[in-house]
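Enquirer: Got a structure for you, written out below as C-alpha coordinates; questions coming shortly.
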Amino acid sequence: MPIKDILLDWRLHGSVLVITVIAELIGVIAVPIGIGSILLLPLLYAFVMGLLINPNVISGARALIRDREVHAASPLIVIAIMPFIAKFGTIIGPSMDKIIDAGPALILQELGNLGTIVLAFPVAVLVLRMGRESIGACFSVAREPNIAIIADKYGLKSQEGAGVMGVYVIGTLFGTFIFAILASILATTGAFSIEALAMACGIGSGSMMAACSGALVHAVPDMEEQILALAGASNVLTYATGLYLCVFVALPLTEKLYDLLGRKEPSKAGA
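Using this note's numbering, you'd call the opening residue of the sequence shown number 9 and step up by one each time.
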(Lines of atoms letter the chains of each structure in order from A and count residues from 1; the text may use other names and numbers.)
(Lines give C-alpha, C1' and ligand atoms only; values in the text may rest on other atoms or scores of the structure.)
Protein backbone atom coordinates (compact mmCIF):
# COMPACT_ATOMS: atom_id res chain seq x y z
CA MET A 1 0.00 0.00 0.00
CA PRO A 2 1.43 3.45 -0.93
CA ILE A 3 2.68 5.46 2.04
CA LYS A 4 0.27 8.28 1.19
CA ASP A 5 -2.73 5.96 1.54
CA ILE A 6 -1.44 4.72 4.89
CA LEU A 7 -0.96 8.23 6.26
CA LEU A 8 -4.41 9.33 5.07
CA ASP A 9 -6.29 6.23 6.28
CA TRP A 10 -8.85 7.89 8.56
CA ARG A 11 -10.31 4.64 9.86
CA LEU A 12 -6.95 3.48 11.17
CA HIS A 13 -5.90 6.77 12.76
CA GLY A 14 -9.37 7.45 14.09
CA SER A 15 -9.48 4.05 15.79
CA VAL A 16 -6.05 4.59 17.33
CA LEU A 17 -7.06 8.01 18.61
CA VAL A 18 -10.28 6.75 20.20
CA ILE A 19 -8.51 3.77 21.81
CA THR A 20 -5.75 6.03 23.17
CA VAL A 21 -8.20 8.52 24.67
CA ILE A 22 -10.28 5.78 26.33
CA ALA A 23 -7.17 4.03 27.70
CA GLU A 24 -5.76 7.26 29.14
CA LEU A 25 -9.11 8.20 30.68
CA ILE A 26 -9.19 4.85 32.50
CA GLY A 27 -5.66 5.48 33.78
CA VAL A 28 -3.56 3.24 36.01
CA ILE A 29 -5.50 0.86 38.25
CA ALA A 30 -3.74 -0.82 41.19
CA VAL A 31 -5.29 -4.15 42.14
CA PRO A 32 -4.24 -5.27 45.67
CA ILE A 33 -3.29 -8.94 45.85
CA GLY A 34 -2.39 -9.15 49.53
CA ILE A 35 1.38 -9.26 49.02
CA GLY A 36 1.49 -6.23 46.76
CA SER A 37 -0.53 -4.89 43.89
CA ILE A 38 -0.90 -5.48 40.18
CA LEU A 39 -0.64 -2.35 38.06
CA LEU A 40 -3.06 -2.25 35.13
CA LEU A 41 -1.67 0.32 32.69
CA PRO A 42 -3.31 2.16 29.76
CA LEU A 43 -1.17 0.12 27.38
CA LEU A 44 -2.97 -3.01 28.56
CA TYR A 45 -6.40 -1.53 27.85
CA ALA A 46 -5.22 -0.37 24.43
CA PHE A 47 -4.08 -3.90 23.56
CA VAL A 48 -7.41 -5.38 24.61
CA MET A 49 -9.41 -2.80 22.67
CA GLY A 50 -7.15 -3.29 19.65
CA LEU A 51 -7.86 -7.02 19.74
CA LEU A 52 -11.59 -6.40 19.95
CA ILE A 53 -11.62 -4.36 16.72
CA ASN A 54 -9.23 -6.68 14.85
CA PRO A 55 -11.25 -8.51 12.14
CA ASN A 56 -8.82 -11.43 12.33
CA VAL A 57 -9.84 -11.92 15.97
CA ILE A 58 -13.51 -10.90 15.90
CA SER A 59 -15.07 -11.16 12.46
CA GLY A 60 -17.84 -8.72 13.35
CA ALA A 61 -15.25 -5.94 13.68
CA ARG A 62 -14.78 -5.99 9.90
CA ALA A 63 -17.55 -3.39 9.65
CA LEU A 64 -15.18 -0.91 11.31
CA ILE A 65 -11.68 -2.15 10.47
CA ARG A 66 -11.11 -3.88 7.15
CA ASP A 67 -8.15 -5.94 5.96
CA ARG A 68 -6.90 -2.76 4.27
CA GLU A 69 -6.45 -1.06 7.65
CA VAL A 70 -4.88 -4.18 9.16
CA HIS A 71 -2.21 -4.26 6.44
CA ALA A 72 -1.68 -0.50 6.75
CA ALA A 73 -1.04 -0.79 10.49
CA SER A 74 1.93 -3.18 10.16
CA PRO A 75 4.55 -0.73 8.79
CA LEU A 76 3.41 1.95 11.23
CA ILE A 77 4.47 -0.22 14.17
CA VAL A 78 8.14 0.32 13.28
CA ILE A 79 7.61 4.08 13.04
CA ALA A 80 5.86 4.12 16.41
CA ILE A 81 8.81 2.35 18.07
CA MET A 82 11.38 4.92 16.92
CA PRO A 83 10.66 7.44 19.73
CA PHE A 84 11.51 4.71 22.27
CA ILE A 85 14.89 4.21 20.61
CA ALA A 86 15.56 7.96 20.65
CA LYS A 87 14.62 8.09 24.32
CA PHE A 88 17.31 5.54 25.20
CA GLY A 89 20.00 7.94 24.04
CA THR A 90 18.69 10.70 26.30
CA ILE A 91 18.69 8.35 29.32
CA ILE A 92 22.23 6.99 29.04
CA GLY A 93 24.21 10.23 29.36
CA PRO A 94 22.50 11.93 32.33
CA SER A 95 22.39 8.64 34.27
CA MET A 96 26.03 7.66 33.80
CA ASP A 97 27.05 8.61 37.35
CA LYS A 98 24.27 6.44 38.77
CA ILE A 99 25.42 3.51 36.64
CA ILE A 100 29.05 3.87 37.76
CA ASP A 101 28.11 4.24 41.44
CA ALA A 102 26.08 1.05 41.32
CA GLY A 103 29.29 -0.95 40.95
CA PRO A 104 30.29 -4.09 39.01
CA ALA A 105 27.48 -6.21 40.44
CA LEU A 106 24.91 -4.10 38.65
CA ILE A 107 26.81 -4.40 35.38
CA LEU A 108 27.33 -8.16 35.63
CA GLN A 109 23.68 -8.79 36.42
CA GLU A 110 22.89 -7.77 32.85
CA LEU A 111 24.18 -11.21 31.83
CA GLY A 112 20.93 -12.50 33.29
CA ASN A 113 19.22 -11.24 30.13
CA LEU A 114 20.68 -14.30 28.42
CA GLY A 115 18.59 -16.52 30.69
CA THR A 116 15.73 -16.53 28.18
CA ILE A 117 18.02 -18.33 25.73
CA VAL A 118 19.19 -20.89 28.27
CA LEU A 119 15.78 -21.65 29.79
CA ALA A 120 13.13 -20.87 27.18
CA PHE A 121 14.77 -21.55 23.83
CA PRO A 122 15.33 -25.32 24.24
CA VAL A 123 11.73 -25.70 25.41
CA ALA A 124 10.41 -23.69 22.46
CA VAL A 125 12.36 -25.68 19.85
CA LEU A 126 12.56 -29.19 21.31
CA VAL A 127 9.32 -29.43 23.28
CA LEU A 128 6.91 -27.04 21.56
CA ARG A 129 8.46 -27.65 18.13
CA MET A 130 8.39 -23.97 17.22
CA GLY A 131 10.08 -22.76 14.05
CA ARG A 132 12.00 -19.53 13.62
CA GLU A 133 9.38 -17.84 15.80
CA SER A 134 11.45 -19.21 18.67
CA ILE A 135 14.33 -16.90 17.75
CA GLY A 136 12.25 -13.74 18.13
CA ALA A 137 10.45 -15.11 21.17
CA CYS A 138 13.48 -16.31 23.15
CA PHE A 139 16.49 -14.10 22.35
CA SER A 140 15.33 -11.48 24.87
CA VAL A 141 12.52 -10.45 27.19
CA ALA A 142 10.84 -8.87 24.15
CA ARG A 143 10.40 -5.27 25.16
CA GLU A 144 10.39 -2.24 22.84
CA PRO A 145 14.13 -2.16 21.95
CA ASN A 146 14.08 -5.90 21.26
CA ILE A 147 11.13 -5.47 18.91
CA ALA A 148 13.09 -2.75 17.10
CA ILE A 149 16.03 -5.13 16.63
CA ILE A 150 13.83 -7.84 15.12
CA ALA A 151 11.93 -5.31 13.01
CA ASP A 152 15.20 -3.96 11.59
CA LYS A 153 16.78 -7.33 10.83
CA TYR A 154 13.83 -9.52 9.84
CA GLY A 155 10.73 -7.33 9.65
CA LEU A 156 7.71 -7.70 11.90
CA LYS A 157 5.85 -9.76 9.28
CA SER A 158 8.51 -12.47 9.48
CA GLN A 159 8.39 -15.56 11.66
CA GLU A 160 10.87 -13.94 14.02
CA GLY A 161 8.64 -10.85 14.14
CA ALA A 162 5.64 -12.98 15.08
CA GLY A 163 7.66 -14.55 17.89
CA VAL A 164 8.86 -11.31 19.45
CA MET A 165 5.44 -9.66 19.18
CA GLY A 166 3.75 -12.68 20.74
CA VAL A 167 6.01 -12.53 23.79
CA TYR A 168 5.67 -8.74 23.94
CA VAL A 169 1.88 -8.98 24.11
CA ILE A 170 1.95 -11.76 26.72
CA GLY A 171 4.52 -9.81 28.75
CA THR A 172 2.33 -6.71 28.64
CA LEU A 173 -0.75 -8.67 29.68
CA PHE A 174 0.77 -10.81 32.44
CA GLY A 175 4.28 -9.45 33.10
CA THR A 176 3.42 -7.11 35.97
CA PHE A 177 1.39 -9.81 37.70
CA ILE A 178 4.16 -12.42 37.37
CA PHE A 179 6.87 -10.00 38.51
CA ALA A 180 4.88 -8.91 41.56
CA ILE A 181 4.23 -12.50 42.59
CA LEU A 182 7.81 -13.71 41.99
CA ALA A 183 9.36 -10.76 43.80
CA SER A 184 7.13 -11.27 46.83
CA ILE A 185 7.79 -15.00 47.01
CA LEU A 186 11.56 -14.72 46.55
CA ALA A 187 11.81 -11.87 49.06
CA THR A 188 10.24 -14.00 51.78
CA THR A 189 12.24 -17.16 51.08
CA GLY A 190 15.59 -15.56 51.91
CA ALA A 191 17.22 -17.41 49.01
CA PHE A 192 18.44 -14.15 47.45
CA SER A 193 19.52 -10.84 48.93
CA ILE A 194 17.03 -7.99 48.62
CA GLU A 195 19.65 -5.98 46.73
CA ALA A 196 19.97 -8.71 44.10
CA LEU A 197 16.21 -8.94 43.72
CA ALA A 198 15.97 -5.15 43.38
CA MET A 199 18.54 -5.19 40.58
CA ALA A 200 16.64 -8.02 38.90
CA CYS A 201 13.55 -5.80 38.73
CA GLY A 202 15.11 -3.62 36.04
CA ILE A 203 14.64 -5.50 32.78
CA GLY A 204 13.81 -2.50 30.60
CA SER A 205 10.08 -2.36 31.33
CA GLY A 206 8.75 0.46 33.47
CA SER A 207 5.55 -1.37 34.41
CA MET A 208 7.33 -4.61 35.33
CA MET A 209 9.97 -2.72 37.32
CA ALA A 210 7.27 -0.83 39.21
CA ALA A 211 5.38 -4.03 40.03
CA CYS A 212 8.54 -5.87 41.07
CA SER A 213 10.04 -3.09 43.20
CA GLY A 214 6.64 -2.34 44.73
CA ALA A 215 6.30 -5.95 45.84
CA LEU A 216 9.81 -5.89 47.33
CA VAL A 217 9.11 -2.66 49.20
CA HIS A 218 5.94 -4.23 50.60
CA ALA A 219 7.95 -7.24 51.77
CA VAL A 220 10.90 -5.23 53.17
CA PRO A 221 9.65 -1.68 53.87
CA ASP A 222 12.84 -0.74 55.77
CA MET A 223 14.84 -0.87 52.50
CA GLU A 224 12.44 1.13 50.36
CA GLU A 225 14.92 3.78 49.22
CA GLN A 226 17.65 1.25 48.46
CA ILE A 227 15.27 -1.03 46.54
CA LEU A 228 13.90 1.78 44.39
CA ALA A 229 17.38 3.17 43.69
CA LEU A 230 18.83 -0.17 42.61
CA ALA A 231 15.77 -1.10 40.55
CA GLY A 232 15.85 2.28 38.79
CA ALA A 233 19.59 2.08 38.08
CA SER A 234 19.21 -1.46 36.77
CA ASN A 235 16.41 -0.39 34.45
CA VAL A 236 18.50 2.48 33.11
CA LEU A 237 21.47 0.15 32.62
CA THR A 238 19.29 -2.29 30.71
CA TYR A 239 18.37 0.51 28.33
CA ALA A 240 22.04 1.47 28.01
CA THR A 241 23.62 -1.95 27.53
CA GLY A 242 20.80 -4.39 26.90
CA LEU A 243 20.38 -3.27 23.30
CA TYR A 244 24.04 -3.99 22.51
CA LEU A 245 23.97 -7.30 24.39
CA CYS A 246 21.00 -8.41 22.31
CA VAL A 247 22.50 -7.26 19.00
CA PHE A 248 26.03 -8.63 19.42
CA VAL A 249 25.54 -11.60 21.76
CA ALA A 250 21.97 -12.78 22.33
CA LEU A 251 20.61 -12.74 18.77
CA PRO A 252 23.69 -14.32 17.11
CA LEU A 253 23.81 -16.94 19.86
CA THR A 254 20.13 -17.77 19.39
CA GLU A 255 20.63 -18.06 15.64
CA LYS A 256 23.52 -20.50 16.15
CA LEU A 257 21.51 -22.58 18.59
CA TYR A 258 18.61 -22.70 16.17
CA ASP A 259 20.97 -23.99 13.47
CA LEU A 260 21.87 -26.82 15.85
CA LEU A 261 18.44 -27.59 17.27
CA GLY A 262 15.90 -26.20 14.83
CA ARG A 263 14.21 -27.47 11.72
CA LYS A 264 16.55 -25.66 9.35
CA GLU A 265 13.80 -23.63 7.69
CA PRO A 266 14.91 -20.31 6.14
CA SER A 267 13.79 -16.97 7.52
CA LYS A 268 11.11 -15.18 5.55
CA ALA A 269 12.34 -11.75 6.54
CA GLY A 270 10.26 -8.91 5.24
CA ALA A 271 7.65 -11.28 3.79
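Using N, Cα and C, we set each Cβ at its ideal position, and we do this for glycine too.
Should the segment 127-145 be called in touch with the segment 169-176, which here means at least 3 C-beta pairs below 8 Å?
Expert: yes
Enquirer: Do the segment 186-193 and the segment 151-161 meet, that is, are 3 or more Cβ pairs less than 8 Å apart?
Expert: Counting Cβ pairs under 8 Å, fewer than three are found: no touch.
Enquirer: State the beta-bridge partners of Ile37 as determined by DSSP.
Expert: Answer is Leu48, bridged to Ile37.
Enquirer: Buried or exposed for Asn121, going by 16 or more other Cβ atoms inside 10 Å?
Expert: buried
Enquirer: Just the Cα atoms here: how many angstroms apart are Ala113 and Phe182?
Expert: 28 Å
Enquirer: Do three or more CB pairs link the segment 226-245 to the segment 202-212 at distances below 8 Å?
Expert: yes
Enquirer: Around the C-beta of Phe256, are 16 or more other C-beta atoms found within 10 angstroms, so that it is buried, or is it exposed?
Expert: exposed
Enquirer: Just the C-alpha distance for Gly250 and Gly210, rounded to the nearest angstrom, thanks.
Expert: 11 Å
Enquirer: What are the boundary residues of the alpha helix (DSSP H) that includes Leu205?
Expert: 202-208
Enquirer: Suppose contacts are defined by Cβ-Cβ distances below 9 Å. Is Ile155 in contact with Ser166 by that definition?
Expert: no
Enquirer: Taking Gly123 as the reference, give the member of Ala208, Val135, Leu269, Ala71 with the closest Cα.
Expert: Ala208
Enquirer: Excluding sequence positions up to five away, which residues of its chain have a Cβ less than 8 Å from the Cβ of Val78?
Expert: For Val78, where only same-chain residues beyond five positions count, the Cβ hits under 8 Å are Asn62, Pro63, Asn64.
Enquirer: DSSP three-state call for Arg137: helix, strand or coil?
Expert: Reduced to three states, the DSSP call for Arg137 is coil.
Enquirer: Report, in whole angstroms, the separation of the C-beta atoms of Pro50 and Ala38, which I expect to be a contact under 8 Å.
Expert: Not a contact, Cβ separation roughly 13 Å.
Enquirer: Please classify Tyr252: is it buried, with 16 or more other beta-carbons within 10 angstroms of its beta-carbon, or exposed?
Expert: exposed
Enquirer: Does DSSP put Pro63 in a helix, a strand or coil?
Expert: coil
Enquirer: Exposed or buried, Ala279, counting other C-beta atoms within 10 Å across all chains shown (16 or more means buried)?
Expert: The predicted model places Ala279 with a pLDDT of 44, which falls under 50 and marks its position as unreliable, so this point remains unresolved.
Enquirer: Quick check on the DSSP output: what are the complete alpha helix (DSSP H) runs of length 4 or more inside the segment 137-221, in order along the chain?
Expert: 141-146, 152-161, 167-197, 202-208
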